[in-house]
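**Q**
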Amino acid sequence: ALKPRVVFTRTKVQKDVKRLLEIYRANGRFAANIEPKVIQLPQNRADLIFEIEEGPLTKIKSIRFIGNKAFDDGDLKSVISTKENKWYRFLTTSDTYDPDRLKVDRELLRQFYLAEGYPDFKLDTAVAELTPNKRAFFITMSLNEGERYRFGDISMSSGIRNVEVAELKPLLEFKKGDWYDNSLIDKTVKNIREKVGTHGYAFVQIKPRVKRLSEKKEINLSLEIREGPRVFVERIDVTGNVR
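At the far end of the sequence shown sits residue 1001, using this note's numbering, and the numbering has no gaps.
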């Protein structure tokens, strides 16, 4: 906010200090300290000096999980991108605190549990506590695994001419009784789309529909395969063709 020949106010100084601290924290230095000093000059002028003590990178001292029963802390630590500070991690920044990285870790944990048969998994909280000396973080993740499910009945229906369900069933990446895995459904959808494409249908809609049977701990799955609406190219623009 403050620049040379701009009216000096302490509010602007405080905003500049706050902004500078935000920049240091975004780069993993939560122990940074900034002290603004004002030197009075003649003719109602003043020099402004920011004395900065950057401090060390703020490392992750420990990561712990609460509520995990099926997998231990070591299993889950291998899934997330945030890592604990170790002497051999001097070539990476994965052991420095980054709130954006924690957001990624939420999704990594969700995908991991979905692939292991836990469709009800929830990460309730992910709390990062800074030590009093501002040199390390302790991260605690509280989660609810939910129940583990298996695939139940699996069915398909085809609304595309010349595409029979019988030729699509071998493309299933799972069978009844397997542990539920959301990623295998995605692979199956991809397999079917590629197979139907060989029949000349470029526009295909595949809708997986699931029905949960809580008593049996099973998930029934039906795949509806339909021809989707065609999309036409209206215009083709070529840029950069100077020759």
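All C-beta atoms, glycine included, are put in the ideal place defined by N, C-alpha and C.
Model, not experiment: these values are computed from the prediction.
Does the region 829 to 842 come close enough to the region 908 to 915 that 3 or more CB-CB pairs lie under 8 Å?
**A** Contact fails: fewer than three Cβ-Cβ distances are below 8 Å.
**Q** Tell me whether the beta-carbon of Gly786 lies closer than 8 Å to the beta-carbon of Leu806.
**A** It is not a contact, given that the beta carbons lie outside the stated cut-off.
**Q** Using only the alpha-carbon positions, how far apart do Lys906 and Ile918 sit?
**A** The identity of residue 906 in the sequence shown is Arg, whereas the question assumes Lys. Cα-Cα distance, rounded: 35 Å.
**Q** Ordered along the chain, which non-local residues of its own chain (more than five positions away) have a Cβ less than 6 Å from that of Gln963?
**A** Excluding positions up to five away in sequence, the list reads Arg984 and Gly986.
**Q** So, Glu973 versus Ser915, is the Cβ gap smaller than 8 Å?
**A** Not closer than 8 Å, so no.
**Q** What alpha helix (DSSP H) runs, 4 residues minimum, are completely inside the region 766 to 816?
**A** Listed in chain order, the complete alpha helix (DSSP H) runs (minimum 4 residues) inside the region 766 to 816 are 768 to 784.
**Q** Is Asp995 buried or exposed, if buried means 16 or more other CB atoms sit within 10 Å of its CB?
**A** Its Cβ having fewer than 16 others within 10 Å, Asp995 is exposed.
**Q** For the beta strand (DSSP E) containing Val837, list its first residue and its last residue.
**A** Premise fails: Val837 lies in the alpha helix (DSSP H), Asp831 to Val837, not in any beta strand (DSSP E).
**Q** Compare the C-alpha of Leu901 against each of Val921, Phe870 and Arg893 and name the closest.
**A** Closest option to Leu901, Cα to Cα, is Phe870.
**Q** Pair every Cβ in the region 790 to 810 with every Cβ in the region 862 to 882, then say whether three or more of these pairs are closer than 8 Å.
**A** They do not touch, by the three-pair rule.
**Q** Under three-state DSSP, which class holds Ser941?
**A** Reduced to three states, the DSSP call for Ser941 is helix.
**Q** Quick one, are the C-beta atoms of Ile792 and Ile810 less than 8 Å apart?
**A** For Ile792 and Ile810, yes; Cβs fall inside 8 Å.
**Q** Distance, Cα to Cα, Val921 vs Leu942?
**A** So the two alpha carbons sit approximately 22 Å from each other.
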